[in-house]
Amino acid sequence: MRAAGIGLGTIGLGILAYMGAANADSLCGVASHLVHADAPLTRVADSIGKTKALKIVVIGTTSSTLPGAGGEALAYPARLEVALRKKLPEVAVKVISLAKPRQTAADMAEGFGKVLRDEKPNLVIWQTGTYDAMRGVGAESFQGTLESAVDKLHAGGSDIIFMNMQYSPRTEAVISVAPYADAIRWVALEHGVNVFDRQGIMRHWSELGTFDLLTATKSLDTAAKVHDCFGTMLADLIVDALGRDADAPKEPTKQ
Amino acid sequence: MAAATGRDLRLDLFRGLALWLIFLDHIPSNIVNWLTIRNYGFSDAAEIFVFISGYTAAFVYGRTMEQRGVVVASARILKRAWTVYIAHVFIFVIFMAELAYLTRSIDNPLYNEEMGALDFLKEPGETLIEALLLKFKPTFMDVLPLYIVLLLAFPPVLWLLRRAPTLALLGSATLYTVSWNLSWNLPSYPSGGWFFNPLTWQLIFVFGAWCGLGGVTRLGPFVRSRWVLGLAAAYILFSFLIVMTWYFPRYAVYIPKWFQDWMYPIDKTNMDVLRFAHFIALAVITVRFLPADWPGLKSRWLKPMILCGQHSLEIFCLGIFLSFLGHFVTSEISRSIGMQVLISVLGILVMIGVAWLITWYNTVEGKGSGKQPKPPASDLAGGEA
Numbered sequence: 022m023r024a025a026g027i028g029l030g031t032i033g034l035g036i037l038a039y040m041g042a043a044n045a046d047s048l049c050g051v052a053s054h055l056v057h058a059d060a061p062l063t064r065v066a067d068s069i070g071k072t073k074a075l076k077i078v079v080i081g082t083t084s085s086t087l088p089g090a091g092g093e094a095l096a097y098p099a100r101l102e103v104a105l106r107k108k109l110p111e112v113a114v115k116v117i118s119l120a121k122p123r124q125t126a127a128d129m130a131e132g133f134g135k136v137l138r139d140e141k142p143n144l145v146i147w148q149t150g151t152y153d154a155m156r157g158v159g160a161e162s163f164q165g166t167l168e169s170a171v172d173k174l175h176a177g178g179s180d181i182i183f184m185n186m187q188y189s190p191r192t193e194a195v196i197s198v199a200p201y202a203d204a205i206r207w208v209a210l211e212h213g214v215n216v217f218d219r220q221g222i223m224r225h226w227s228e229l230g231t232f233d234l235l236t237a238t239k240s241l242d243t244a245a246k247v248h249d250c251f252g253t254m255l256a257d258l259i260v261d262a263l264g265r266d267a268d269a270p271k272e273p274t275k276q
Numbered sequence: 576m577a578a579a580t581g582r583d584l585r586l587d588l589f590r591g592l593a594l595w596l597i598f599l600d601h602i603p604s605n606i607v608n609w610l611t612i613r614n615y616g617f618s619d620a621a622e623i624f625v626f627i628s629g630y631t632a633a634f635v636y637g638r639t640m641e642q643r644g645v646v647v648a649s650a651r652i653l654k655r656a657w658t659v660y661i662a663h664v665f666i667f668v669i670f671m672a673e674l675a676y677l678t679r680s681i682d683n684p685l686y687n688e689e690m691g692a693l694d695f696l697k698e699p700g701e702t703l704i705e706a707l708l709l710k711f712k713p714t715f716m717d718v719l720p721l722y723i724v725l726l727l728a729f730p731p732v733l734w735l736l737r738r739a740p741t742l743a744l745l746g747s748a749t750l751y752t753v754s755w756n757l758s759w760n761l762p763s764y765p766s767g768g769w770f771f772n773p774l775t776w777q778l779i780f781v782f783g784a785w786c787g788l789g790g791v792t793r794l795g796p797f798v799r800s801r802w803v804l805g806l807a808a809a810y811i812l813f814s815f816l817i818v819m820t821w822y823f824p825r826y827a828v829y830i831p832k833w834f835q836d837w838m839y840p841i842d843k844t845n846m847d848v849l850r851f852a853h854f855i856a857l858a859v860i861t862v863r864f865l866p867a868d869w870p871g872l873k874s875r876w877l878k879p880m881i882l883c884g885q886h887s888l889e890i891f892c893l894g895i896f897l898s899f900l901g902h903f904v905t906s907e908i909s910r911s912i913g914m915q916v917l918i919s920v921l922g923i924l925v926m927i928g929v930a931w932l933i934t935w936y937n938t939v940e941g942k943g944s945g946k947q948p949k950p951p952a953s954d955l956a957g958g959e960a
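Just so you know, the protein sequences line up as chains D and Z, in that order.
Note that our numbering gives residue 128 to position 107 of the first sequence, counting from 1, and the numbers run on in steps of one.
Note that our numbering gives residue 642 to position 67 of the second sequence, counting from 1, and the numbers run on in steps of one.
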């Protein structure tokens with residue numbers, strides 16, 4: 022009786038797990054309303070129009086990576102490449118991750134000249150803010166760094182998507198990220214740059230119970246799913262911005 | 576405002592309110608935060624708190640200085656700074672205990688970066704030294720260190736305020752302007768400066784002290800003028816509209832670019848002029864529509880808030896502790912909206928209960944400040960954090 026129960030339970034779990042895998046896309050989907058392009062990606066559109074190629078560089082810190090030998094393939098930069106190739110089959114998409122631990126926005130911005138020269142990206146996905154908040158870099162100087170870096174990247178021929186911090190409820194009392202998230206939102210608004218609201222998306226998942234972000238674990242399972250969603254949703258954002266580009270080239274207003 | 580005869584209950588009322596707001600604001604992701612004033616204008620509870628602290632410190636220690644001399648008054652101020660320091664260290668220890676627990680529960684490959692924020696636990700020795708030097712201040716533990724520094728510098732300031740109030744105020748404004756323009760700040764550990772820069776925040780403290788030593792009487796005709804009232808109301812409305820564009824960014828396009836460039840960032844660390852002006856505008860409206868002899872101040876409905884304001888150091892520390900606890904419950908047990916509301920309400924009830932208990936104890940011990948309104952003892956009523 023008992024064995025049968027366990028057996029049935031296992032089958033049930035198996036089915037659930039299978040459905041879970043099949044629904045990875047729709048799992049992300051519960052937060053899809055939080056992904057929208059507020060500005061066109063003119064440089065990306067140009068490159069696709071002229072050369073059918075798109076080069077993306079991800080610049081960020083540890084939260085743009087996953088640990089371990091297979092981590093790189095599971096982290097969102099690699100997943101973005103996979104998703105974009107699917108969504109834009111006629112374009113040669115290349116995504117490179119230059120994420121390195123423990124870098125403030127200013128540290129990263131210092132290297133932008135070299136990145137522009139060496140990689141010649143059409144789009145930089147800039148994940149920042151977490152380490153600045155941890156180091157207690159002033160939010161004001163953080164904002165100043167972003168502003169001058171945005172101009173530099175634009176002048177160097179690259180569009181930008183900001184990615185803000187992760188939603189991390191346990192460390193909220195230790196890392197005060199809100200002023201840095203605000204700074205990112207502001208610079209984005211003033212300079213017509215898109216933001217991938219990682220924080221809002223993860224909060225939404227956590228509230229709905231889409232992903233369990235709270236349990237302590239060594240396993241990469243949830244982390245990999247979360248990053249897969251980031252990759253897919255970033256691709257959605259880019260495609261959305263390209264569509265916007267065709268409709269209304271100079272209207273960075275929000276729907 | 577405060578006549579020489581007694582305590583202006585409005586100070587206690589608004590300090591009590593500020594304590595409640597600070598408690599609510601310090602629970603991250605708390606839905607009840609939407610009620611607090613920082614969401615509707617530039618300034619927030621911090622300005623109210625520091626201003627009233629300056630006001631009461633000048634009021635209480637100014638009288639000591641008059642009756643007992645500069646040395647005794649200075650000794651009392653420094654003793655107060657010592658008490659606040661001890662309170663800060665005590666709260667710090669409780670905070671570290673919460674973090675020690677968190678490090679065990681947060682382990683997840685998704686959060687490798689965020690876990691780095693707890694690295695200081697790996698070097699407790701250095702962290703401890705920097706904390707005792709007030710250089711290492713965990714998030715949300717910035718207010719008491721500011722207050723300690725302000726108190727340490729207060730004896731000569733108070734002396735000057737009593738001799739030449741205008742000169743003292745000018746000196747304070749000059750320090751504010753210079754510090755802001757030259758980015759002067761005290762150093763923090765591991766890097767950066769203080770979240771509440773004492774060199775700029777001193778302005779609202781000294782301004783409070785200036786008001787507490789009779790400045791209010793001098794400002795009387797100004798505050799009562801119809802023009803000033805209109806201007807204050809208009810500024811509060813303006814500030815409200817700007818803040819709304821933070822929550823509804825689609826309306827931000829209606830703010831001209833040059834104006835945004837001029838206005839942003841509105842810096843909390845250096846107590847931006849726009850924040851200071853917003854506080855002044857709120858104060859002008861409040862003083863106008865809430866006279867010191869308003870009977871409501873004696874009603875039992877406002878009594879809880881006033882009680883909290885009268886024991887501000889104790890209630891402030893309690894509030895910080897309760898907000899840690901609230902954060903702990905919302906992150907470990909339940910994040911539901913019902914739980915957030917419950918925690919907020921319970922926290923405020925505990926603050927009221929403890930304030931009442933302290934009042935009762937002081938009455939029993941014959942320390943005053945209870946049922947019989949003796950002149951407030953300086954160690955109790957002194958401008959508190």
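Glycine included, C-beta positions come from ideal geometry on N, C-alpha and C.
Please report the straight-line C-alpha distance between residue i and residue j, rounded to a whole angstrom.
i, j, result
"D/Asp261", "D/Pro61", "9 angstroms"
"Z/Leu924", "Z/Ala656", "28 angstroms"
"D/Arg64", "D/Tyr188", "30 angstroms"
"D/Val247", "Z/Ser763", "35 angstroms"
"Z/Met880", "Z/Leu588", "6 angstroms"
"D/Glu131", "Z/Asn683", "31 angstroms"
"Z/Tyr822", "Z/Val724", "35 angstroms"
"Z/Asn687", "D/Trp226", "19 angstroms"
"D/Lys173", "D/Arg224", "32 angstroms"
"Z/Asp583", "Z/Gly787", "10 angstroms"
"Z/Leu804", "Z/Met819", "23 angstroms"
"Z/Gly637", "Z/Arg737", "8 angstroms"
Out of the options, state which residue places its alpha-carbon closest to the alpha-carbon of residue i.
i, options, result
"D/Asn143", "D/Leu75, D/Gly70, D/Ser53", "D/Leu75"
"Z/Val781", "Z/Tyr751, Z/Tyr615, Z/Ile666, Z/Pro713", "Z/Tyr751"
"Z/Ala807", "Z/Tyr636, Z/Leu744, Z/Leu857", "Z/Leu857"
"Z/Leu812", "Z/Leu610, Z/Asn605, Z/Tyr615, Z/Thr792", "Z/Tyr615"
"D/Gln148", "D/Ala202, D/Ala66, D/Thr231", "D/Ala202"
"Z/Phe891", "Z/Trp595, Z/Asn605, Z/Leu584", "Z/Trp595"
"Z/Tyr936", "Z/Met914, Z/Gly922, Z/Leu882, Z/Phe899", "Z/Leu882"
"Z/Ala692", "D/Ala99, D/Asp128, D/Tyr152", "D/Tyr152"
Does the distance from the CB of residue i to the CB of residue j come in under 7 angstroms?
i, j, result
"D/Ala256", "D/Lys108", "yes"
"Z/Leu721", "Z/Pro773", "yes"
"Z/Met846", "Z/Trp776", "yes"
"Z/Leu586", "Z/Ile627", "yes"
"D/Leu101", "D/Val116", "yes"
"Z/Trp769", "Z/Asn760", "yes"
"D/Val198", "D/Met184", "no"
"D/Glu140", "D/Val208", "no"
"Z/Val848", "Z/Val798", "no"
"D/Ala120", "Z/Leu685", "no"
"Z/His886", "D/Ala194", "no"
Any beta-carbon of chain D closer than 7 angstroms to the one on residue i?
i, result
"Z/Ala692", "yes"
"Z/Ser911", "no"
"Z/Asp717", "no"
"Z/Leu709", "no"
"Z/Ile830", "no"
"Z/Leu685", "yes"
"Z/Ala827", "yes"
"Z/Arg889", "Looking at the sequence itself, residue 889 of chain Z is Glu, so the reference to Arg does not match. No, no contact with chain D."
"Z/Pro603", "yes"
"Z/Leu677", "yes"
"Z/His853", "no"
"Z/Ser766", "yes"
Using a beta-carbon distance below 7 angstroms, is residue i in contact with chain Z?
i, result
"D/Thr61", "Checking the sequence shown, residue 61 of chain D turns out to be Pro, not Thr. For D/Pro61, the answer is no, since every Cβ of chain Z falls outside 7 angstroms of its Cβ."
"D/Thr82", "yes"
"D/Ile196", "yes"
"D/Ala42", "With a pLDDT of only 41 at D/Ala42, under 50, the local geometry of the prediction cannot be trusted, and no value is derived from it."
"D/Asp261", "no"
"D/Arg219", "no"
"D/Gln164", "yes"
"D/Val208", "no"
Segments assigned alpha helix (DSSP H), at least 4 residues, entirely inside the region 91-165 of chain D: Listed in chain order, the complete alpha helix (DSSP H) runs (minimum 4 residues) inside the region 91-165 of chain D are 92-95, 97-108, 126-131, 133-140, 151-156.
Entirely enclosed alpha helix (DSSP H) segments - the region 858-912 of chain Z, minimum 4 residues: For the region 858-912 of chain Z, whole alpha helix (DSSP H) runs of length 4 or above, ordered along the chain, are 878-885, 887-907.
Any alpha helix (DSSP H) of 4 or more consecutive residues that is wholly inside the region 596-671 of chain Z: Those alpha helix (DSSP H) runs which fall completely within the region 596-671 of chain Z and span 4+ residues are 620-643.
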